[in-house]
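Undergrad: Here the sequence shown is numbered in this note's numbering, starting from 338 and rising by one per residue.
My structure is below; once you've seen it, I'll send some questions.
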Amino acid sequence: MTSHDALLLLSFGGPEGPEDVIPFLENVTRGRNIPRERLEKVGEHYHLFGGVSPINRLCRELKAAIEADFAAHGVDLPVYWGNRNWTPYLADTVRQMRDDGIRRAAAFVTSAYSGYSTNDQYLQDIARAREEVPGAPEIDKLPVYCDRPGFLDPFVDATRDALGRLPGGARLLFTAHSVPLAQPNRELYVAELEEAARTVADRAAPGTPWDLVYQSRSGPPSQPWLEPQITDHLEKLAGEGVRAAAAVPIGFVSDHMEVKYDLDVEAAGRAADLGIAFVRAATPGGDPRFAALPRLLMEEGN
Ligand SMILES: CC1=C(CCC(=O)O)c2cc3nc(cc4[nH]c(cc5[nH]c(cc1n2)c(C)c5CCC(=O)O)c(CCC(=O)O)c4C)C(CCC(=O)O)=C3C
Ligand SMILES: [Fe+2]
Numbered sequence: 338m339t340s341h342d343a344l345l346l347l348s349f350g351g352p353e354g355p356e357d358v359i360p361f362l363e364n365v366t367r368g369r370n371i372p373r374e375r376l377e378k379v380g381e382h383y384h385l386f387g388g389v390s391p392i393n394r395l396c397r398e399l400k401a402a403i404e405a406d407f408a409a410h411g412v413d414l415p416v417y418w419g420n421r422n423w424t425p426y427l428a429d430t431v432r433q434m435r436d437d438g439i440r441r442a443a444a445f446v447t448s449a450y451s452g453y454s455t456n457d458q459y460l461q462d463i464a465r466a467r468e469e470v471p472g473a474p475e476i477d478k479l480p481v482y483c484d485r486p487g488f489l490d491p492f493v494d495a496t497r498d499a500l501g502r503l504p505g506g507a508r509l510l511f512t513a514h515s516v517p518l519a520q521p522n523r524e525l526y527v528a529e530l531e532e533a534a535r536t537v538a539d540r541a542a543p544g545t546p547w548d549l550v551y552q553s554r555s556g557p558p559s560q561p562w563l564e565p566q567i568t569d570h571l572e573k574l575a576g577e578g579v580r581a582a583a584a585v586p587i588g589f590v591s592d593h594m595e596v597k598y599d600l601d602v603e604a605a606g607r608a609a610d611l612g613i614a615f616v617r618a619a620t621p622g623g624d625p626r627f628a629a630l631p632r633l634l635m636e637e638g639n
């Protein structure tokens, strides 16, 4: 059925307690030009939630959902989980896979798009982890899946649900993580985001006006990043008389910190100040349609 003998779930990682926050942030920003003040500010976001990112729990839930999907479809393969920036670190997972006799795994990454942060960096993580582990299994990253029903269908439902919680005349704001304009493959990332947003908007709410906006910018102010930021855009919309907005985090797959803080706290707070009714659509998370994607992508590869 497949040439692979395991599935590797590869994610970003996040702190699991207050003492993890700074070492985690140092891991994320190693070798990158992120101002100290930004790090301290982001550290506070995590401390608001007890120093615990939701992302590891979400990965455990997604892993369980993938295992359930495999079991329901007679796929008898082990599922492993490793992260770029926190335990379980990818290299440790790859070592475990080798020790278990895995020869060739498929990797499903918790990011749906092409682009440097979303795809290329994960390929580098895989290459680096394999270099660290003598006799490491082959690891094939599964294709980007931002155009697949398993990713888009849950967003269509979530967008309808979000609009249903707002008065009429609401604006749809598809939101994604900003990246530096100079980042490699930035055009491809943006083109894929536009296409995904258009598809979801057309299916969930044809005729409803929508915008693609960005969040979670972190570089120095002198460095240009993708714009507009959602908070600035809300201000502009308020000036135009828009009274309701639904944020759809199309750039993410689960309700991790960038969603729980940057949208549910920061953007929601700005909207309240501006008198805009604001809701946020759910991400795919553990939706069974999303959890079926690794299996479908593996089957396609044969
Ligand atoms: C495109 C993209 C995604 C989406 C694709 C994907 O999901 O992979 C994403 C996801 C995430 N980003 C996350 C956290 C952070 N990202 C940072 C920094 C950065 N992100 C960037 C881009 C992206 N990031 C970039 C260009 C930087 C600048 C530094 C660098 O070039 O690497 C920093 C440093 C502090 C700050 O500056 O914010 C943190 C803490 C978490 C975990 C959340 C949790 O804990 O629940 C997740 C899922
Ligand atoms: Fe990030």
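All residues carry an ideal CB built from backbone N, CA and C; glycine is no exception.
Please determine, among Tyr450, Pro352, Phe615 and Ser390, the residue with the shortest C-alpha to C-alpha distance to Leu525.
TA: Position 188 of the sequence shown, counted from the first residue, corresponds to residue 525. Cα-wise, what sits closest to Leu525 is Tyr450.
Undergrad: Assign Pro631 to buried or exposed, taking buried as 16 or more other Cβ atoms, counted over all protein chains shown, within 10 Å of its Cβ.
TA: Sequence index remark: in the sequence shown, residue 631 carries index 294 (1-based). The Cβ neighbour count for Pro631, taken over all protein chains shown within 10 Å, is at least 16; the residue is labelled buried.
Undergrad: Could you name the residues of the same chain whose beta carbon sits closer than 7 angstroms to that of Pro491, not counting the 5 residues immediately before and after it, in chain order?
TA: As a working note, residue 491 is residue 154 in the sequence shown. Cβ within range, chain order: Pro621, Asp624, Arg626 and Phe627.
Undergrad: Nearest CA to the CA of Gly505: which residue from Ala582, Ser515, Tyr459 and Ser559?
TA: Taking the sequence shown and counting its residues from 1, the one referred to as residue 505 is at position 168. The candidate whose alpha carbon is nearest that of Gly505 is Ala582.
Undergrad: Just curious, the alpha helix (DSSP H) that Val550 is in, first and last residue?
TA: Residue 550 sits at position 213 when you count from the first residue of the sequence shown. No alpha helix (DSSP H) holds Val550; the beta strand (DSSP E) holding it covers Trp547 to Gln552.
Undergrad: Just confirm the distance between the C-beta atoms of Trp547 and Val516, as a whole number of angstroms; I'd bet it's less than 8 angstroms.
TA: Within the sequence shown, numbered from 1, the residue matching residue 547 stands at position 210. Within the sequence shown, numbered from 1, the residue matching residue 516 stands at position 179. Not quite, the Cβ-Cβ distance comes to about 21 angstroms (not below 8 angstroms), so this is no contact.
Undergrad: Which residue wins for smallest C-alpha separation from Phe386, given the options Asn456, Lys597, Cys396 and Ile587?
TA: Here residue 386 refers to the residue found at position 49 when the sequence shown is read from its first residue. When only C-alpha atoms are compared, the closest one is Lys597.
Undergrad: Check this for me: beta carbons of Ala629 and Asp406, under 8 angstroms apart or not?
TA: For the purposes of this step, residue 629 is identified with residue 292 of the sequence shown, where counting begins at 1. For the purposes of this step, residue 406 is identified with residue 69 of the sequence shown, where counting begins at 1. Result yes, Cβ atoms of Ala629 and Asp406 sit closer than 8 angstroms.
Undergrad: Here's the rule I'm using: 16 or more other beta-carbon atoms within 10 Å means buried, otherwise exposed. How should Glu529 be labelled?
TA: Here the question's residue 529 lines up with position 192 in the sequence shown. With 16 or more Cβ atoms within 10 Å of its Cβ, Glu529 is classed as buried.
Undergrad: With DSSP as the reference, identify every bridge partner of Trp562, one or two as the case may be.
TA: In the sequence shown, counting from the first residue as 1, residue 562 sits at position 225. Paired residues: Pro517.
Undergrad: If contact is defined by three or more beta carbon pairs under 8 angstroms, each pair taking one atom from either stretch, is the segment 432 to 447 in contact with the segment 458 to 476?
TA: yes
Undergrad: Quick one, are the C-beta atoms of Ser454 and Gln552 less than 8 angstroms apart?
TA: For the purposes of this step, residue 454 is taken as the residue at position 117 of the sequence shown. For the purposes of this step, residue 552 is taken as the residue at position 215 of the sequence shown. No.
Undergrad: So, Val585 versus Ala499, is the Cβ gap smaller than 8 angstroms?
TA: On the sequence shown, residue 585 is found 248 positions in, with the first residue counted as 1. On the sequence shown, residue 499 is found 162 positions in, with the first residue counted as 1. The answer is yes: Cβ separation under 8 angstroms.
Undergrad: Note down, in chain order, each residue of its chain lying with its Cβ closer than 6 angstroms to the Cβ of Met338, except the 5 sequence neighbours on either side.
TA: As a position in the sequence shown, residue 338 is number 1, starting the count at 1. Interpretation of Met338 is limited by its pLDDT of 49, a score under 50 that renders its predicted location unreliable; the figure taken from the coordinates is listed afterwards. Excluding sequence neighbours, Met338 sits near nothing in its chain.
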